[in-house]
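Asks: Just passing along the structure, written as structure tokens.
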Amino acid sequence: MSDISDIEQLKYRYMRLLDTKQWDEFATCFSDDATADYGGITFSSPRELVDYMRTNLPAEIITMHTVHHPEITVVDGEATGCWYLHDKVFAPAFDFALEGAAFYEDRYVRTPQGWRIAHTGYQRTWELTTSLKDQPSAKLKGAGGPTTHP
Amino acid sequence: MSDISDIEQLKYRYMRLLDTKQWDEFATCFSDDATADYGGITFSSPRELVDYMRTNLPAEIITMHTVHHPEITVVDGEATGCWYLHDKVFAPAFDFALEGAAFYEDRYVRTPQGWRIAHTGYQRTWELTTSLKDQPSAKLKGAGGPTTHP
Amino acid sequence: MSDISDIEQLKYRYMRLLDTKQWDEFATCFSDDATADYGGITFSSPRELVDYMRTNLPAEIITMHTVHHPEITVVDGEATGCWYLHDKVFAPAFDFALEGAAFYEDRYVRTPQGWRIAHTGYQRTWELTTSLKDQPSAKLKGAGGPTTHP
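So the protein sequences, as listed, match chains P, D and A. Numbering-wise, my numbering puts 1571 at position 145 of the first sequence, and it's gapless, one number per residue. Numbering-wise, my numbering puts 1442 at position 16 of the second sequence, and it's gapless, one number per residue. Numbering-wise, my numbering puts 1559 at position 133 of the third sequence, and it's gapless, one number per residue.
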């Protein structure tokens, strides 16, 4: 497996653990001193980042984050990666829906345990928020069955 | 071409043949004893699965199935694959629209004719159904031009 | 890096430069005699194509084009590629929103400067247009902040 393939697998794992809310495993995707900047929401350590996700993405918040078009450059034990994010967030209790896209600019570092995210950050190209109430027929189900959306 | 690349190509072909409704070719993606479980809709043979698709996905039903983030493991002549599905279904005659996501957990087997799907199945992370009537300005066109949506 | 990987990188660059409206760099993705056919909108030269994009996709038009499922075949210095497009377009001044999908059928050529697009074209599988006015709560932000959508 090449470095680029390993880094892609790391990113796919990160996205899967994010959307399935497996926070302890999610934390293992980062180097010890990793930082993040999600469109201006910044984190100076993996602990801070993971705590934020755990608090703000409880079971009732539904997210989908898919990444596309990996453009990865490896130089020795470091790498940079550009990815095209397409994401959706639903907060059924608030009839809230968000859809958007962004370009990730990541940095990765090779550690004795394999490649890890050293920095992840994105800048939005667009973001659309709507209310599920705008679509009276909307029925939303999460992984565990119907949500609270009426 | 590596095994992983071959399996990715198989999956891409499967999705393309599904959304373009080429059922005879779609059938060739499966091993003879393949099974499937699409979020609880189960099939115990490729024939059963293909017949179901042919019946339930006629020309007027529009589908989009894209898969992302392949996490594939090959051990000898067998392989497993996890994919992130994002899908949309439109049934214009009923003003019905569905969007959702799921994680596929597939099994593949190497045959004399190449890699084939031995089992495919997914579990939904979310699913949103709406009525096109909720958006009075909606105009939907399928591959063959405008659909029946008024 | 293999030819297939180089061609994938070319396509990702093309999509990124399209959605970030970097037209001079976008132009470098094509061979000198490249042609295009986007669902019937045809271009007989890269200059014609790039001029069209520059004129019709000014800053206030928001686009997202993601491509998936690369099926690429290389024969000597030429290649063909099939991709699954998922795209969105927003024209906030007109409350206009479009979403659709298509299969790209591209041709690529190896030049002294690397692989270039010799022909790109797609046929839509579906296209849905709506008005943002159908969703009164809709708030759309582009890369530079809030758009004009009220």
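Backbone N, C-alpha and C fix where the C-beta goes; we use that ideal spot for every residue, glycine too.
1) Cβ of P/Phe1516 within 7 Å of Cβ of P/Ala1523?
2) Under 9 Å between beta-carbons, which chain A residues line up against D/Ala1564? List them in chain order, please.
3) Applying the 10 Å Cβ sphere with the 16-neighbour rule, what's the burial state of A/Gln1665?
4) In terms of DSSP beta bridges, what is P/Gly1466 paired with?
5) So D/Lys1375 contacts chain A; which residues on that side make the cut at Cβ distance below 9 Å?
6) Over what stretch of residues does the beta strand (DSSP E) that includes D/Gln1549 continue unbroken?
7) Residues of chain D with a CB under 9 Å from the CB of P/Tyr1438: which are they?
8) According to the Cβ coordinates, are D/Asp1450 and D/Val1500 closer than 7 Å?
9) Let's test the definition: count the other Cβ atoms within 10 Å of the Cβ of P/Asp1513 and tell me whether it reaches 16, buried, or not, exposed.
10) Using a 10 Å radius around the Cβ and a threshold of 16 neighbouring Cβ atoms, would you call D/Glu1434 buried or exposed?
11) Determine the extent of the alpha helix (DSSP H) in which P/Leu1475 is found, giving its start and end residues.
12) Can you give me the start and stop residues for the beta strand (DSSP E) that P/Lys1409 sits inside?
13) Tell me whether the region 1533 to 1541 of chain P and the region 1527 to 1543 of chain A touch, counting them as touching only if at least three CB pairs, one residue from each stretch, are closer than 8 Å.
14) Could you pull the start and end residues of the alpha helix (DSSP H) that P/Phe1452 belongs to?
15) Is the CB-CB distance between D/Ala1564 and D/Tyr1534 below 7 Å?
16) Please check the pair P/Tyr1510 and P/His1494, which I expect to be a contact at CB under 8 Å, by giving their CB distance rounded to whole angstroms.
17) Does the region 1543 to 1552 of chain D touch the region 1472 to 1485 of chain A, meaning 3 or more C-beta pairs lie closer than 8 Å?
18) When you compare each of A/Cys1455, A/Leu1436 and A/Ala1544 to A/Asp1463 by their alpha carbons, which one comes out closest?
19) Consider the Cβ of D/Ile1488: report whether some Cβ of chain A lies at a distance smaller than 7 Å.
20) To which residues of the same chain is P/Pro1496 closer than 7 Å at the C-beta, ignoring the five residues directly before and after it?
21) Closer than 6 Å by C-beta to A/Tyr1530: which residues in its own chain qualify, once you throw out the five before and the five after it? Chain order, please.
22) Check the Cβ of A/Phe1516 against every Cβ in chain P and list those closer than 8 Å, keeping chain order.
23) Does A/Pro1518 come out as helix, strand or coil in the three-state DSSP assignment?
24) Work out the CA separation of D/Ala1485 and A/Ile1498 for me, nearest whole Å.
25) Label P/Phe1469 either buried or exposed according to how many other C-beta atoms from any shown protein chain fall within 10 Å of its C-beta, with 16 as the threshold for buried.
26) By the DSSP assignment, the beta strand (DSSP E) with P/Ile1498 in it spans what residues?
27) Here's a check: name, in chain order, each residue in its chain whose Cβ is nearer than 7 Å to the Cβ of A/Arg1442, leaving out the five neighbours to either side.
28) Taking Cβ positions, are A/Thr1489 and A/Asp1445 nearer each other than 7 Å?
29) Based on Cα-Cα distance, which residue from D/Ile1467, D/Lys1559 and D/Cys1455 lies nearest to D/Ala1519?
30) Taking P/Gln1435 as the query, report the chain D residues whose CB atoms sit under 8 Å from its CB, ordered along the chain.
31) Thinking C-beta only, is P/Ser1557 closer than 7 Å to P/Asp1521?
32) Just the Cα atoms here: how many angstroms apart are D/His1575 and A/Gly1466?
33) Run down chain A in chain order and give the residues with a C-beta less than 9 Å from the C-beta of D/Asp1432.
Replies: The answer reads as follows:
1) yes
2) Leu1554, Thr1555, Thr1556, Ser1557 and Asp1560
3) With chain A represented from 1427 up to 1576, any question about residue 1665 of chain A goes unanswered, as that position is not in the structure.
4) Answer by DSSP bridge pairing: none, since P/Gly1466 is not bridged.
5) As shown, chain D starts at 1427 and ends at 1576. That puts residue 1375 of chain D outside it, with no answer to give.
6) Gly1540 to Ser1557
7) His1494, His1495, Pro1496, Glu1497, Cys1508 and Tyr1510
8) no
9) buried
10) buried
11) First-last of the alpha helix (DSSP H) with P/Leu1475: Pro1472 to Asn1482.
12) With chain P represented from 1427 up to 1576, any question about residue 1409 of chain P goes unanswered, as that position is not in the structure.
13) no
14) Taken as a continuous stretch (DSSP letters only), the alpha helix (DSSP H) holding P/Phe1452 covers Trp1449 to Ala1453.
15) no
16) Indeed they touch by this definition, with Cβ atoms about 5 Å apart.
17) no
18) Comparing C-alpha distances from A/Asp1463 to each of A/Cys1455, A/Leu1436 and A/Ala1544 shows the shortest one belongs to A/Ala1544.
19) So yes, D/Ile1488 belongs to the interface.
20) Residues Glu1434, Gly1507 and Trp1509 of the same chain have their beta carbon placed closer than 7 Å to that of P/Pro1496, with the five preceding and five following residues left out of the count.
21) Trp1509, Leu1511 and Tyr1548
22) The answer, in chain order, is Trp1552 and Leu1554.
23) helix
24) 27 Å
25) By the neighbour-count rule (16 or more Cβ atoms within 10 Å), P/Phe1469 is buried.
26) Ile1488 to Val1501
27) none
28) yes
29) D/Lys1559
30) Glu1497
31) yes
32) With a pLDDT of 45 at D/His1575, under the threshold of 50, the modelled position of that residue is not reliable, and the figure given next carries that caveat. Answer to the nearest angstrom: the Cα atoms are 22 Å apart.
33) In chain order: nothing, as chain A lies at least about 12 Å away.
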